[in-house]
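Comments concern the structure below.
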Amino acid sequence: MVNPLVQAAERVVSQTDIFGDVWQDINQAFEQTSRAQVISAINLFRAQFPEFGFLHPDDLEYCEDELSIVQKLRLLVVVAVSHRYADSYTADINNKNILFIANEVQKKLTSGPSLALVQTFLILSLCNWGDGDGFNAWMHCGIATRMAQGLLSTGFASCGKKETLSELEKRTLWTCFKMDRLLSCGKRRQAMFPDGDTHFSLPVNDTQFLFGQSPQTAPVDDSLRSYGPDDHLVLLIQGLRIWSRVHTWIAEGGRRQPGMTEPEQCPFNETSDWSKMRQALIKWRESQDALMKYPATKVSVHAQRGQAERFGYINLVYYVSLLFLCREFIPFSPVDEVKPRGPIEPPLLKARGPDSFWLQNVFDLYDAASQISSLLSDLEHVGCPLRTPFSGLCAFSSTLWSIYGAAFPNFMGFTPSQTSDADAQAERTMAVLVRIGKVWRLAEEWIDVLNTAKSIMTRFSEGRRIKRSRYDYPELEDSIHLAPLQGMPRQTFDKPAGLVSADDGSKLHQLVAGDAEQGVDTDGLGFLEETSGNEFVGEDWWRLLSFCDDPHLLSTSMDNMGDENVA
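So in this note's numbering, spot 389 of the sequence shown is number 389, and the numbers just go up one at a time.
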């Protein structure tokens, strides 16, 4: 069942010793990297990151003497990423090599744009994202996007005025779009590649791209088309567009946004933004061939074809989008609730809605968490583990809501057996996340959040004194739907020796809630006053503050520009 190309890649990369040295010269580093190592790295990269659809068989047939410095850097950054999956991986050396590539490629910015340069910056952005370096992830993705947009407006080097974009160029542009969607869906971040700028066509399927075949004529009614395994790139573009829309809506406040409590915006009404996003997600799912839908189609079937990872990725996009939609109307701590009935924390909806809707919403939430857990486990079982920043986010989300389900069995409608299963599911998915953390440091922060969340949920189940509203834990609330990333401007606090004063508490709540520019809801400030002397403050409150972060990187607000206490 193991993907033979990836298995061979890991074996070749593990046997190499070139990673024992920090790269200091581009030509020397490339000379020390054998063709077998480059080819294995490309195969591994294509499997783990199907969204980077611009790698082509021509990359395997390179002539070293004909490669430019930028083209060598492009291949070296792929090799550096692949090394993370090897047994010989050394984080310190790998990070220095990534930094070396970043420094060298930045020197080429003034020499003019090129396709290889765009692709190199995109891969660097991926590395930054996985390491929790949000600022550089956003910067490198932005450089790639702006450079690609400049090439698009002036014409690529290989395109004359009357010629259309080549497939390789289109795939590079769409990769810019996908990375932008993955990195720009957080609060206060503007997308660098809006839908209005995508005037170029969708990529052809993999068979046509790899064999150079002419694209087949699409049906007049595109809604009649069914997308199969070879169309994974189109499915990812469409899916990540929906995921970004969902995530942005939540990060901007979700149901707490102005007007969201009105009857026409209640989720059970088709006129609501929530319902429209869910309908778009379901429509995207229905456009997929039955072979692309998990769990009806087993992972092992796609593993036999060497396509398990891309199959897993597409299904993860679906289930995590559904999970995030459903969780928006789930109460943070339904201690006294016997069944779902919608939000129990302000702002409350102005229409109640049918009980069946709320029951189905909870069912869909936990089912999505379960499917993510099973999918990630099945991928590992067949020897095709998907260990990427995005799969880490999915594992984190699944684990969190498995912990939630085990903590509130009455609210979830669980039997003792189902409660035990939820506990086991959380442990299993957490183990997957730990393995992802050995490749990408970002997962370590998610693991810390989960450990904190589990501690809080344990207190719920034990009946210890604890606040019931998610507004009382804004950092954990943010971490639930925002991937914590480091390396961006933000204010920080040192843990005080004594208790928090009311005045400091007000400022603290304002900062943590991230609503300084929108005003503060003073109803939530009572928490800091009420919990003076409560052991929770000393034990966990400051622990949670470390997750006060807008993960999707750099705020576009100019309010803190020039502040000395911006880290």
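For every residue, glycine included, the Cβ atom is placed at its ideal position computed from N, Cα and C.
Alpha carbon of residue i to alpha carbon of residue j, nearest angstrom
{"i": "Pro-258", "j": "Glu-252", "result": "11 Å"}
{"i": "Gly-239", "j": "Phe-311", "result": "13 Å"}
{"i": "Trp-401", "j": "Leu-291", "result": "28 Å"}
{"i": "Gln-307", "j": "Asp-59", "result": "20 Å"}
{"i": "Lys-454", "j": "Ile-403", "result": "7 Å"}
{"i": "Phe-527", "j": "Thr-452", "result": "Any answer about Phe-527 is weak, because its pLDDT of 35 lies below 50 and its placement is not dependable; what the coordinates show is given next. Straight-line Cα distance between these residues: approximately 18 Å."}
{"i": "Ile-98", "j": "Val-22", "result": "10 Å"}
{"i": "Arg-146", "j": "Asp-133", "result": "20 Å"}
{"i": "Glu-573", "j": "Ser-125", "result": "Outside the displayed range of the chain (1 to 567) lies residue 573, so it cannot be described from this structure."}
{"i": "Asp-423", "j": "Pro-416", "result": "11 Å"}
{"i": "Ile-42", "j": "Ala-102", "result": "19 Å"}
{"i": "Ser-333", "j": "Trp-358", "result": "16 Å"}
{"i": "Ser-394", "j": "Asn-315", "result": "The sequence shown places Cys at residue 394, rather than the Ser named in the question. Distance between the alpha carbons of Cys-394 and Asn-315 is about 11 Å."}
{"i": "Glu-420", "j": "Asn-27", "result": "A small fix is needed here, since residue 420 is Ser in this sequence, not Glu. Spanning the two alpha carbons is a distance of roughly 56 Å."}
{"i": "Pro-569", "j": "Gly-342", "result": "Because the chain spans 1 through 567 in this model, residue 569 falls outside it and cannot be assessed."}
{"i": "Lys-178", "j": "His-302", "result": "23 Å"}
{"i": "Val-105", "j": "Pro-194", "result": "26 Å"}
{"i": "Tyr-313", "j": "Tyr-89", "result": "24 Å"}
{"i": "Phe-329", "j": "Met-277", "result": "14 Å"}
{"i": "Glu-169", "j": "Ser-373", "result": "36 Å"}
{"i": "Ser-40", "j": "Val-320", "result": "30 Å"}
{"i": "Gln-213", "j": "Thr-154", "result": "27 Å"}
{"i": "Ser-397", "j": "Phe-135", "result": "23 Å"}
{"i": "Arg-255", "j": "Gly-53", "result": "35 Å"}
{"i": "Gln-304", "j": "Thr-297", "result": "13 Å"}
{"i": "Ile-447", "j": "Met-430", "result": "8 Å"}
{"i": "Leu-151", "j": "Val-118", "result": "10 Å"}
{"i": "Arg-225", "j": "Ser-287", "result": "7 Å"}
{"i": "Asp-540", "j": "Ala-407", "result": "Because the pLDDT of Asp-540 is 41, which lies under 50, any placement of that residue in the model is unreliable, and the number read from its coordinates should be weighed accordingly. So the two alpha carbons sit approximately 18 Å from each other."}
{"i": "Ser-244", "j": "Cys-63", "result": "39 Å"}
{"i": "Arg-428", "j": "Gln-279", "result": "31 Å"}
{"i": "Phe-200", "j": "Asp-355", "result": "45 Å"}
{"i": "His-56", "j": "Leu-210", "result": "7 Å"}
Supposed close pair residue i, residue j - CB separation, criterion 8 Å
{"i": "Lys-350", "j": "Thr-261", "result": "5 Å"}
{"i": "Tyr-294", "j": "Gln-371", "result": "7 Å"}
{"i": "Tyr-318", "j": "Leu-281", "result": "7 Å"}
{"i": "Ile-436", "j": "Ser-377", "result": "With a Cβ gap of about 13 Å, Ile-436 and Ser-377 do not count as contacting."}
{"i": "Arg-241", "j": "Arg-181", "result": "6 Å"}
{"i": "Leu-122", "j": "Ala-137", "result": "In fact, because the Cβ distance is near 10 Å, the residues do not count as touching under 8 Å."}
Check: residue i C-beta below 8 Å from any heavy atom of the ligand NAP
{"i": "Asp-423", "result": "Among the ligands in the structure shown, none appear at all, so the ligand NAP cannot be discussed."}
Which full runs of the alpha helix (DSSP H) of 4+ residues lie inside the stretch 121-198, going along the chain? 134-154, 167-183
The stretch 354-366 touching the stretch 324-344, judged by at least three CB pairs closer than 8 Å: yes
Taking the runs of the alpha helix (DSSP H) that are 4 residues or longer, which of them lie wholly in the stretch 382-456? 389-407, 409-412, 416-437
Mind the definition here: the stretch 452-460 touches the stretch 411-420 only if three or more C-beta pairs lie below 8 Å; say whether that holds. Note that the stretch 452-460 does not touch the stretch 411-420; fewer than 3 beta-carbon pairs, one per stretch, sit closer than 8 Å.
Is the stretch 334-351 close to the stretch 271-286, with three or more CB pairs under 8 Å? no
Tell me the start and end of each unbroken alpha helix (DSSP H) in the stretch 222-300 that is at least 4 residues and wholly inside, in chain order. Listed in chain order, they are 232-251, 273-286.
When you compare the stretch 68-87 with the stretch 97-112, are there three or more beta-carbon pairs, one atom per stretch, that lie closer than 8 Å? yes
Count the C-beta pairs between the stretch 172-187 and the stretch 226-238 that are closer than 8 Å, then say yes if the count reaches three, no if not. yes
May I ask you to verify whether the stretch 373-389 touches the stretch 436-444, counting CB pairs closer than 8 Å and requiring at least 3? yes
Runs of alpha helix (DSSP H) wholly within the stretch 53-135 (minimum 4 residues, chain order): 69-83, 91-106, 115-130
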